[in-house]
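Residue numbers (the UniProt record's numbering): 1 to 225. Glycine residues also receive a C-beta, built at the ideal position from the N, C-alpha and C atoms. Below is one structure; the comments refer to it alone.
Shown next, in the form of C-alpha cells:
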C-alpha cells in the first residue's frame with residue numbers, strides 16, 4: 001500500500017468516525033500534523049475524497065466535509081440495504097466454504113477491536129470484511145458502489161459507543177453472517193444483514209449535526225498552497 005493509499009485510509013476513517021468534523025475547514029498540512037502523517041499523501045487523499053464528493057475545496061483555505069443530512073443518511077442506508085442484503089444472500093450460490101472461512105480472521109479483528117475500544121482498527125476491519133465479502137460475488141461495480149456509500153456515511157455515534165462497550169454487542173454479527181452463509185440459509189443471511197445495517201444507520205450514525213451558527217470554524221493553521 002502506497003503512502004497516498006495509507007493516508008486515504010487514515011483520513012477516511014477520521015471522517016467516518018467523526019474525528020474530522022463538519023463545519024470546519026482543514027488545510028492538508030494542518031490535518032497531516034493532527035493525524036501524524038506527512039503532508040503530500042494527505043493532500044493526495046483529500047483530493048481523492050473531493051473527487052468522490054466527500055470533501056469540497058475552500059479556495060485558499062483548505063477542505064471541508066460536504067454537509068450530510070438525516071435525509072441523506074436515510075437514503076444511504078436504504079441504498080445499502082437494497083444492494084448489500086441481496087448481494088450477500090447471492091453468495092450462498094457463488095462462494096465456496098473456503099472463501100467464506102477466509103474472512104473469519106477479519107471478523108476476529110473486529111471483535112478484538114470492539115473489546116479494546118479501538119475505533120480506527122474497528123472501522124478499518126469492518127470495511128475490509130464487508131467489501132471482501134461482496135468481492136466474493138465477482139461484481140466489481142457493486143463493491144465500488146457500496147464502498148462509496150460507506151465513505152459517505154458519517155458514523156457520529158461510533159466513538160461514544162466504543163467508550164460504552166456497545167460495539168461488542170454488534171461485533172459478533174460478523175460471525176453470524178459467515179455462519180449463515182456456510183449453512184446456506186438465505187433467510188438467516190437476509191435477517192442478520194438487515195439487522196447489521198440497521199445498527200449502522202441507527203445507533204452507530206447518531207444524529208447528523210446541523211450547520212453551525214455564525215462563522216465556520218477554521219482549522220487551516222497552515223494554508224493549502
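Three-way DSSP call (helix, strand, coil) for residue 58 in this model: strand
Extent of the continuous beta strand (DSSP E) run through residue 106: No beta strand (DSSP E) contains residue 106, which is instead part of the alpha helix (DSSP H) from 104-116.
Burial state of residue 74, where buried means 16 or more other Cβ atoms lie within 10 Å: exposed
Between the CA atoms of residue 38 and residue 192 - distance to the nearest angstrom: 40 angstroms
Collapsed DSSP secondary structure at residue 64 in the structure displayed: strand
Straight-line gap, residue 232 to residue 60 (C-alpha atoms, nearest Å): One cannot answer for residue 232 here, as it falls past the ends of the chain, which runs 1 to 225.
The segment 116-129 contacting the segment 98-106, beta-carbon criterion three pairs below 8 angstroms: yes
Simplified DSSP assignment, three categories, for residue 100: helix
Assigned secondary structure, residue 173 (DSSP; H/G/I helix, E/B strand, else coil): Collapsing the DSSP output to three states places residue 173 in a helix.
Reduced DSSP secondary structure (H/G/I, E/B, other) of residue 157: Confidence is the limiting factor: at residue 157 the pLDDT is only 49, short of 50, which leaves the residue's position unreliable, though a coordinate-based value still follows. Three-state result, residue 157: coil.
Chain-order list of residues whose beta-carbon lies under 8 angstroms from that of residue 181 (same chain, five-residue window excluded): 88, 91, 92, 95, 100, 189
For residue 25, three-class secondary structure by DSSP: Strand at residue 25.
Three CB pairs or more closer than 8 angstroms across the segment 23-31 and the segment 3-10: Remark: fewer than three beta-carbon pairs, one from each stretch, lie closer than 8 angstroms, so the segment 23-31 and the segment 3-10 are not flagged as touching.
Residue range of the alpha helix (DSSP H) that includes residue 198: Its alpha helix (DSSP H) spans residues 186-199.
Proximity below 8 angstroms, CB of residue 56 to CB of residue 66: yes
Pairwise C-alpha distance: residue 46 and residue 14: Their Cα atoms are separated by approximately 12 angstroms.
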